[in-house]
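Counting along the sequence shown from 1, when you hit position 355 you're at 354 in numbering that gives the first Met the number 0, and nothing is skipped either side.
Here a beta-carbon is modelled for each residue, glycine too, at the ideal position from N, C-alpha and C.
All of these numbers come straight from a predicted model, not from anything done at the bench.
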Amino acid sequence: MKENTSDLMQKIVSLCKRRGYIFPACEIYGGFANAYSYGPYGTELKNNIKKLWWKKFVQEREDMVGMDGPILLHPKLWEASGHLSGFNDVMVDCRECKKRFRADNMITEITGKDLEGDLEGMNKILVAEKIKCPNCGKSNWTEVRYLNMMFKTEMNGIDEPVYLRPETAGAIFADFKNVVDSMRVKIPFGIAQIGKAFRNEIVAGNFIFRLREFEQMEIEYFISPDEKWQKLFDSWLEQQQEFVFALGAKKKDIKLREHSKEKLSHYSRKTVDIEYNFPFGWSELYGLAHRGDFDLTQHAKFSGQDLNYTDSENKKYIPHVLEPTFGVDRSVLVALCAAYEEEKLDGDDIRVVMHLPKAIAPIKVAIFPLMKNKPELVKKAKEIFDLLKLDFMCEFDDNGNVGKRYRRQDEIGTPYCVTVDFDSLEDKAVTVRDRDTMKQERMKIEELGEYFKKNIN
Ligand code: GAP
0 MKENTSDLMQ KIVSLCKRRG YIFPACEIYG GFANAYSYGP YGTELKNNIK
50 KLWWKKFVQE REDMVGMDGP ILLHPKLWEA SGHLSGFNDV MVDCRECKKR
100 FRADNMITEI TGKDLEGDLE GMNKILVAEK IKCPNCGKSN WTEVRYLNMM
150 FKTEMNGIDE PVYLRPETAG AIFADFKNVV DSMRVKIPFG IAQIGKAFRN
200 EIVAGNFIFR LREFEQMEIE YFISPDEKWQ KLFDSWLEQQ QEFVFALGAK
250 KKDIKLREHS KEKLSHYSRK TVDIEYNFPF GWSELYGLAH RGDFDLTQHA
300 KFSGQDLNYT DSENKKYIPH VLEPTFGVDR SVLVALCAAY EEEKLDGDDI
350 RVVMHLPKAI APIKVAIFPL MKNKPELVKK AKEIFDLLKL DFMCEFDDNG
400 NVGKRYRRQD EIGTPYCVTV DFDSLEDKAV TVRDRDTMKQ ERMKIEELGE
450 YFKKNIN
């Protein structure tokens, strides 16, 4: 039984809090700015997703290297990239209730008209169609105006403002020359990076979908201007979708949306969004863009450095770039949404289970003594825990009856539970219970390590 309503979102949010996945940030102070903290299981899940990404896109490829640049970068970099002048959203305030909205999104939702970038048109429509404030129902608006989405801060010894990076990509371009000079990379090759990014979104929301502080996993893949890029572009798109499947997503919940020629940035040959069918509707999950030579040309111009690449035939050129970009928090959200199931059992019994792919599940094995007041069972269970924890994230759980412990681990998404009973002390075997099938089988303790290695990694 799989629900597909926005009700589902509420259930996932509530499970995340109840089960230590994700909490509203600073709740003791009444919450703050629609921000969230990852709790113990959420942190494991997020780290596993990042590890999986790094393995697929860096470790397993010969044409990729990784890096980790700073969050605070030279302010000139943001002038070169166009973020200082053009990284804007349009906002409008309700004069009555003081609530702030993203003008373009609100107008599209209410009227169905898409006036992206047309400030005058938006101002006119607000008045002409007497658009009502979705919060208070009145129609008394300020002018629609631009808001730069970069967070501004100060740095000791620097006179001008400094910005928290709104994307991780900037540091990759800034270090392109260092990577080429220090590594033996040959075009085509890519640089990957995972890290925090910050955007002063006018409205954050939909749980961890739109945050002001979030994480990205980005790749800049450098190619020759003569490269037949379409094939490489399609291959990246394929691999991005493969990654969504590895999070547990189903094919029917993924679709591609190519940007129309009119909406394409002037330097981009092609941009495609990978959308996911979230409980609140189809929305952008990842993106892939052909950015031409825009970035390196701009950074060469603003830094005064030669960012040409010299190939094996001594030909010099500014490489073109394909940019596959992934949001970490949106990946976590996909994994949670795809995993959640309310399974109908006998009678009216409903089991909430998170069918997370084993590779990203926060806890791989939970180990139970059948009874917590029997020291010999506890001792044996602890021995098994100590053995398995060397290879897997494990949890020792002796709280409540075994049925309750199974249900708790189902909600956490733990693929296997191991129960130590009185027979275990004699036959050196335990009961292994599978999260998805609920099947239980007896297994020798000495075989557990191999079994989990085969079935989990
Ligand atoms: N360097 C290209 C770039 O930053 P983007 O489409 O603006 O492109 C890339 O962002 C990805 O970052 C998005 O596809 C999404 O997964 C994630 N992302 C963007 N804004 C976000 C936000 N406010 N909250 C959470 N994730 C966000």
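Span of the beta strand (DSSP E) around residue i
i: Asp433; result: Ala428 to Asp433
i: Glu26; result: Glu26 -> no beta strand (DSSP E), and no H or E assigned at all.
i: Tyr37; result: Tyr35 to Tyr37
i: Asn276; result: Lys269 to Phe277
i: Glu257; result: Ile253 to Glu257
i: Met442; result: Gln439 to Lys443
i: Tyr285; result: Gly280 to His289
i: Ile222; result: Glu212 to Ile222
i: Thr418; result: Tyr415 to Val419
i: Val64; result: Met63 to Met66
i: Asn147; result: Arg144 to Asn147
Cutoff 6 Å; reference residue i; Cβ partners in own chain excluding five residues on either side
i: Ala79; result: Gln297, His298 and Phe301
i: Cys93; result: Cys132
i: Asp420; result: Leu369
i: Ile455; result: Lys357 and Lys363
i: Ala337; result: Gly247 and Ala248
i: Glu212; result: Phe197
i: Leu125; result: Trp140
Contact set for residue i: own chain, Cβ-Cβ below 8 Å, skip 5 residues either direction
i: Gly204; result: Asn33
i: Val64; result: Val57, Val178, Met182, Val184, Phe188, Gly189, Ile190 and Ala191
i: Leu231; result: Pro187, Tyr220, Ile222 and Leu321
i: Gly459; result: In this structure the chain extends from 0 to 456, so residue 459 is not present and cannot be described.
i: Gln239; result: Ile273, Tyr285, Leu287, Pro323 and Phe325
i: Ile383; result: Ile366, Val417, Val419, Val429, Ile444 and Leu447
i: Arg434; result: Val352, His354, Gln408, Asp409, Gly412, Thr413, Pro414, Tyr415 and Cys416
Three-state secondary structure assigned by DSSP to residue i
i: Ile455; result: helix
i: Thr167; result: coil
i: Glu153; result: strand
i: Ala365; result: strand
i: Thr110; result: helix
i: Pro160; result: strand
i: Asp348; result: coil
i: Val327; result: helix
i: Cys132; result: coil
i: Asp88; result: strand
i: Met182; result: coil
i: Thr309; result: strand
i: Leu14; result: helix
i: Asn177; result: helix
i: Glu341; result: strand
i: Cys96; result: coil
i: Asn398; result: coil
i: Lys315; result: strand
i: Leu51; result: helix
i: Met353; result: strand
The alpha helix (DSSP H) enclosing residue i, as first and last residue numbers
i: Ala203; result: Taken as a continuous stretch (DSSP letters only), Ala203 belongs to no alpha helix (DSSP H), as it is neither H nor E.
i: Pro374; result: Pro374 to Leu387
i: Gly194; result: Element bounds for Gly194: not the alpha helix (DSSP H) but the beta strand (DSSP E), Phe188 to Phe197.
i: Ile124; result: Leu118 to Ala127
i: Gln238; result: Trp228 to Ala245
i: Glu410; result: Val401 to Ile411
i: Glu78; result: Pro74 to Ala79
i: Phe208; result: Unbroken run through Phe208: none, as it is neither H nor E.
i: Leu293; result: Reading the sequence as shown, one finds Phe at residue 293 and not Leu. Unbroken alpha helix (DSSP H) run through Phe293: Phe293 to Ser302.
Cβ shell of residue i (< 7 Å), same chain only, five flanking positions each side left out
i: Ser330; result: Ile48 and Leu246
i: Ile109; result: Ile130
i: Gly156; result: none
i: Lys1; result: Note that Lys1 scores a pLDDT of 43, beneath 50, so its modelled location is shaky and nothing firm can be said.
i: Phe206; result: Met8, Val12 and Leu332
i: Val161; result: Leu71, Pro74, Thr152, Glu153 and Met154
i: Asp67; result: Gln192 and Gly194
i: Met442; result: Ala428, Val429, Val431 and Tyr450
i: Glu283; result: Asp272 and Glu274
i: Leu263; result: Thr270
i: Arg99; result: Met90, Asp92 and Ile201
Beta-carbon separation (whole angstroms), residue i vs residue j, contact threshold 8 Å
i: Asn122; j: Val89; result: 10 Å between Cβ atoms; not a contact.
i: His319; j: Pro414; result: Not a contact, Cβ separation roughly 43 Å.
i: Phe197; j: Leu146; result: 14 Å between Cβ atoms; not a contact.
i: Val202; j: Arg101; result: 6 Å
i: Ser259; j: Gly291; result: Contact doesn't hold; Cβ gap of about 18 Å is too wide.
i: Glu217; j: Ala173; result: With 8 Å as the limit, Glu217 and Ala173 do not qualify as a contact, their Cβ atoms being about 13 Å apart.
Residue i: CB within 7 Å of a non-hydrogen atom of the ligand GTP
i: Phe213; result: For the ligand GTP, the structure offers nothing, since it holds only the ligand GAP.
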